[in-house]
Every structure is written in C-alpha cells, then in structure tokens.
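Numbering (the working numbering), first residue to last: -5 to 522.
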Amino acid sequence: MFRKWLVPALAFGLAVAAPAAQTATEKIDTEMNARIRKEGMENSQIMHTMHYLTDVYGPRVTGSPNHENAAKWVVAELTRWGFKNGHLEPFEFKTATVTPTGGWLNAKAAGHIISPVKDNLVFEVLAWTPSTKGTVVAPAVQLITPQGPETGAPAPALNNCPDVKPRFGPTEAQLKDYLTSMAPKVRGKIVFVGAHTCVPFQEVAPAKRQTEEVWKARLGGAGGGGRGNPPAGGGRGQAATPPAGTMTAAQVATAVNDFLVANGALVRVNDAAREHGQIRAFQFNGYDPLKTVPTVVLRNEDYGRITRLLADKLTVTLEFTIVNRSYPLGKTTYNAIAEIPGTDRADEVVMLGGHLDSWHSATGATDNAIGVATMMEAARILQALGVKPRRTIRVAAWAGEEEGLLGSKAYVEQHFGTAENPKPEFAKFNGYFNIDGGTGQFHLASIFGPAEAGNVLTEIFKPFNDIGIYGATTTTGRNPGGTDSTSFNAAGLPGIGLNQDGIEYNSHTWHTNLDTLERIVEIDVKRS
-5 MFRKWLVPAL AFGLAVAAPA AQTATEKIDT EMNARIRKEG MENSQIMHTM HYLTDVYGPR
55 VTGSPNHENA AKWVVAELTR WGFKNGHLEP FEFKTATVTP TGGWLNAKAA GHIISPVKDN
115 LVFEVLAWTP STKGTVVAPA VQLITPQGPE TGAPAPALNN CPDVKPRFGP TEAQLKDYLT
175 SMAPKVRGKI VFVGAHTCVP FQEVAPAKRQ TEEVWKARLG GAGGGGRGNP PAGGGRGQAA
235 TPPAGTMTAA QVATAVNDFL VANGALVRVN DAAREHGQIR AFQFNGYDPL KTVPTVVLRN
295 EDYGRITRLL ADKLTVTLEF TIVNRSYPLG KTTYNAIAEI PGTDRADEVV MLGGHLDSWH
355 SATGATDNAI GVATMMEAAR ILQALGVKPR RTIRVAAWAG EEEGLLGSKA YVEQHFGTAE
415 NPKPEFAKFN GYFNIDGGTG QFHLASIFGP AEAGNVLTEI FKPFNDIGIY GATTTTGRNP
475 GGTDSTSFNA AGLPGIGLNQ DGIEYNSHTW HTNLDTLERI VEIDVKRS
C-alpha cells in the first residue's frame, strides 16, 4: 500500500519548484513571487469573475442550463485571457444510486398563509421535485411519525431547547398503522412532515478567524484536513445497536414519500431547522419529479408558527405556487477545462480547480464559485506575467460535486485511472490543487503523500508566510471525501486541499439561501 501512493506523491514533490535543499535545478524564484503578489493584489480580476459566476449565472445546479452556460463562460473567459485548449468535457450525470432524469430548475415559488391570518411564507423548493398544479389552496395538516425506544444516548445540551433524548425508528408495523390512520387526512392537503425543531441560540461568533498560533500548531501536528475550518469537539463514540425490526431514518423517509404520493398530498413542507431564517434545501434523493410531491423547506420560524396554530386546533389554510422545470438534456453534463501549455515538459500536468455546480437556494458564492474564481485568478496571474511554465498548468471547473464528486471522479477515471490500473497520463500527473471551503483565506495545504511532499510545499509557501500562508501537512487516506481533491487521492494521485478560515461558512452560507456575493471577503480571496 505504501508504494502505491509514494511514487506519484514523490513525483509531485520533485516536479514542483523545489527549494535548493531538495534540488539544485529548480530554486524558488523570489522575484517572480513578488510580481505574482503585485499582480494579484493590485490588478485582481477575482471579483469580476465572481460577479459573472454568481449574479449572471447563479445558481448553477448540475445539469441545468445555468450550469452549462456558466461552464461555457469559464472556457470563454480563460480563452480570452490567452489560455489554450479550452473546452467542455462531457460525462453522464449519474449518482452512486440513481441516474437523474436530467437537469432541474426552480422558475417560480410563492407561498402565503390565507387564514386564520394573512402573511407571506419564506421557503425554498427541494430540487428534483415537481411543480404544483397551478396555485393550490388547501388546509395544512401535520404528520409526525411514531418513534421507537430511546437509544440510551444522553440528550444534547441545546441551550434554550428542552431535553429530548434520541430515539430509534419505529417498526414497520407501527409506521404502517400510523400512516393508514393518516391517509384520509392528507389527501388534498398541505402536509407538514415532522415536529417543529427547537433551534438553540449560538454562543460562537460565526465570522471566526483562527490565530497564527492555531494554524502553526496544526502544521506541526499530524494529519490535516482539506476544506474549511474543522469543527471543535471529539468523536461521536460507538452508536447503539438498533433493536430488531426498527426502521432506519432512510427507510422511514422513503415510506413517507411513497405514502404522500399514493394518497394525493398537494404539497409537502419540511422544517428548515436553522436559526435566523437560514434555509438549506437539497434534493429529492430519487432525482425524479414523477416519484414525489411538490416539496418545500420552510424557514424554522414560519414552520413553528403554523404548527403552533395547528396545535390550537385552528384551521390553517395555505397557498402555494411552484413552477419547476426539468431538462432531459442535462443527463449529460460538463467539466470546463483550459490550460497554459508547458514548455520542455509539457506532457506533465499540474491542475488547479474547484467545483462550479451549486445548490439552488442562492447563487453559490462561497460554495463554490469562489473556488473556481480563485483558481482561475491564480492561473490568470501567471498568464498575465508571461510565465512560461515547464509543465502544463490546467484549470478545471467541475460539475456534479454536490451530487457525489461526479465530475472530478469521471475526469480522473477517463484520464488517469488508478495506481492499481494506471492509464498513460497517470505517470505524468504532478498534482491537483483544490479549494472548496468558503471565502476565508487558506493558510495550510493538505497533500496526499509522504512527509517529503508536505515539506516541499512548506518551503514553497515561505515567501508568503507574512500574509498567513504557512505550509502543508500530509495525508495517506484514499477514501473519497467531501471535495474534489479526494477524487485524486482515491486514485493514488496527489490531491492537495487548501485549509481555510471558516468565515461564516458552516454557520451561515454553506448550502443556504444566504450564499451570495455579499458574503465574499475580498482581501481573503485575493490572498488565496
């Protein structure tokens, strides 16, 4: 196992501009580093790029026209800057479990309380769900599935919220009996699925920057992440064994979905379960609007109000108008690729990239237009300075990351293969840099490979220590994880994730309706 990752990682370590202590043939060019810094800080195009990726082309759901148009714009912009071989690389939009019906887009969404009061509702639509049949007006009902016995785990400490001990799921018989009793109540109704979630107040500032001491302590320690600021706290411990016959959460969710379809529910409403009006709306896991009902994720504050009115035995009448569109052509989607050709070692490749696709609740600024814009800008700076790299520098804007790293996996499979079954390009691959952790500046890199590879990057970063870029840690894990660099790691290739300050990322912008250009911190992204 050691040799499977050692060879490509060391190849990267020897291929980058290594310090004099490593090799006498490629020294750090301090003059060029100064020119790079000047161009990046004084003539940056990154906010212009962000404007187009978010305001003009956002959101960029995989397989949607917005995503395809954004990918075409990336290729055109890189070509305008002087990059070569700009093109879209197609691949089949297919997740690990299903093949989606194509792309999807929400074109219109409006909702109101009609009685006993009149007010607007704040919500987002779940992706790959259908439209309503025009404007639907109907009473609301609440469906709360039964639960099984307590798991034995302690109730989490949630500040202002009551202690609620975790429970296992119901048995199949318990769930069937409950759903049977609810069948006549949901037909022609707007169904609130689940109890209202008590959201605790937060005691940690969302715009958190780590200190230099914290980052350097991580540099001196073992391991290293690949994206964002890691959450505090320890592991989860060993999960209790469910009693025989109890259903998993996924099984309950499937049963409830099928029940609502079969019994004519007009709209399904889920609780966003987040504070301050934040909404995270993902997708129907079947990726087929014909197999589910129109579904919205309602802000926690509205969900609580309506369920309290229902608890008072009041008739609550709601109105929804939802227009969603499906795009069968989105069964094929695209990675955007362009490059700066190398010179004497042009057949060797260094890649920079991030995922272009986003969720639909906002314009996908911090996740992950900024990752694409950062890598485009990094390569633009080299092109603007007339750098003639020995190795080809290739920029990639991936599709399908949110659905399971689909674009980067397809690219690695097509071009490189794996350490166990390599293609000819495998031996010529020198490394892939990835950024996917929000607006915060990156301070460390995490490279798949031996300690020597991390040492090389740490030396290369030294001219930028004064702006908070400190070095690199290493990892040997080959499991694909939460971002595209791990697609390369899984193949035995040196993927390099950049660790960033987690400014408002996990707390506010990640996959939420707040992820817009306003949340980008310009000084941080210029430094990255």
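Glycine included, every Cβ here is placed at the ideal spot set by N, Cα and C.
Exposed unless 16 or more other CB atoms sit within 10 angstroms - verdict on G380: Result: exposed.
Span of the beta strand (DSSP E), counted from its first residue to its last, around E385: First, the amino acid is wrong: residue 385 is Arg here, not Glu. R385 to W392 is the span of the beta strand (DSSP E), which, as asked, contains R385.
Contained beta strand (DSSP E) runs [length at least 3] in the segment 69 to 143, N- to C-terminal order: Taken in chain order, the unbroken stretches of beta strand (DSSP E) that lie wholly in the segment 69 to 143 and span 3 residues or more are 78 to 86, 97 to 109, 117 to 119 and 129 to 137.
Buried or exposed by the 16-neighbour rule on C-beta atoms within 10 Å, applied to R230: Any reading at R230 is ruled out, since the residue's pLDDT is 36, under 50, leaving its predicted position unreliable.
Member of I300, D252 and L451 whose CA lies at the smallest distance from the CA of P488: Ranked by how close their Cα comes to the Cα of P488, the residues I300, D252 and L451 have L451 in first place.
Nearest-angstrom Cα separation, counted from V250 out to L511: When rounded, the distance between both Cα atoms is 37 Å.
Start and end residues, alpha helix (DSSP H) containing M369: Segment I364 to A378, the alpha helix (DSSP H) holding M369.
Proximity of G182 and I138 at Cβ, strictly below 8 Å: Between G182 and I138, the C-beta gap is not smaller than 8 Å, which leaves the two residues out of contact.
Span separating the alpha-carbon of E313 from that of E516: About 41 Å.
Which listed residue (I107, L47 and A447) has its alpha carbon closest to that of V69: If we check each option's Cα against that of V69, L47 comes out closest.
Start-to-end residues for the beta strand (DSSP E) that takes in A541: Nothing in the structure corresponds to residue 541, since the chain is present only between -5 and 522.
Cβ pair G394, T503 closer than 8 Å: No, the Cβ-Cβ distance between G394 and T503 is not below 8 Å.
8 Å Cβ cutoff met for T165 and G239: Cβ atoms of T165 and G239: closer than 8 Å.
The segment 298 to 308 touching the segment 347 to 357, judged by at least three CB pairs closer than 8 Å: Counting Cβ pairs under 8 Å, fewer than three are found: no touch.
Burial state of T327, where buried means 16 or more other Cβ atoms lie within 10 Å: Counting Cβ neighbours within 10 Å, T327 comes out buried, since at least 16 surround it.
Residue range of the unbroken alpha helix (DSSP H) whose run includes Q494: Q494: not part of any alpha helix (DSSP H); member of the beta strand (DSSP E) spanning G489 to Q494, first to last residue.
Status (buried if at least 16 other CB within 10 Å, exposed otherwise) for R74: So R74 counts as exposed.
Cβ neighbours of G471 in the same chain (closer than 7 Å, five flanking residues each side left out): Taking G471 as the centre and dropping the five residues before and after it, the same chain places the C-beta of N483 closer than 7 Å to its C-beta, in chain order.
Endpoints, the alpha helix (DSSP H) within which L312 is located: Where L312 is concerned, there is no enclosing alpha helix (DSSP H), although the beta strand (DSSP E) it sits in stretches over T311 to Y321.
Those runs of the alpha helix (DSSP H) which lie wholly inside the segment 252 to 310 and span at least 4 residues: Taking 4 residues as the shortest admissible run, the segment 252 to 310 contains the following complete alpha helix (DSSP H) segments, listed from N- to C-terminal end: 294 to 305.
Supposed contact pair A391 and G347 - C-beta distance, whole angstroms, cut 8 Å: Confirmed, about 7 Å.
Assigned secondary structure, R513 (DSSP; H/G/I helix, E/B strand, else coil): In the structure shown, the three-state DSSP call for R513 is helix.
Bounding residues of the beta strand (DSSP E) (the contiguous stretch that carries M345): For M345, the enclosing beta strand (DSSP E) begins and ends at R339 to H349.
Helix, strand or coil at L169 [DSSP, three-state]: Under the three-state reduction of DSSP output, L169 falls in the helix class.
Neighbourhood of T357 by C-beta distance below 6 Å, restricted to the same chain and skipping five residues each side: Answer for T357: T48, G52, P53 and T510, listed in chain order.
Validate contact between the segment 241 to 261 and the segment 168 to 180 using beta carbons, cut 8 Å, 3 pairs: Yes, the segment 241 to 261 is in contact with the segment 168 to 180.
CB contact flag (K422, E342, <8 Å): Yes, the Cβ-Cβ distance between K422 and E342 is below 8 Å.
Reference D282, options S125, I514 and I300, closest by Cα: For D282, the nearest C-alpha among the options comes from S125.
Cβ pair V366, L72 closer than 8 Å: Going by C-beta atoms, V366 is not nearer than 8 Å to L72.
Assumed close pair I454, A447 - CB separation to whole angstroms, cut-off 8 Å: Separation of the CB atoms of I454 and A447 is rounded to 11 Å, and the pair is thereby denied contact status at 8 Å.
Cβ contact check for the segment 104 to 124 and the segment 398 to 417: 3 or more pairs under 8 Å: No, because fewer than three Cβ pairs between the segment 104 to 124 and the segment 398 to 417 fall closer than 8 Å, the two stretches do not touch.
Close Cβ partners of N114 (< 7 Å) along its chain, the five nearest in sequence each way excluded: Contacts found: H106.
Per DSSP, cross-strand counterpart(s) of G465: G465 has L438 as its beta-bridge partners, per DSSP.
Contacts around A15, its chain only, beta-carbon distance under 7 Å, and the 5 residues preceding and following it disregarded: Note that A15 has pLDDT 38, beneath the 50 cutoff, so the model's placement of it is unreliable and the number below is only indicative. Within the same chain, A15 has no close Cβ partners at all.
Which of helix, strand or coil DSSP assigns to T433: If DSSP states are grouped into helix, strand and coil, T433 belongs with coil.
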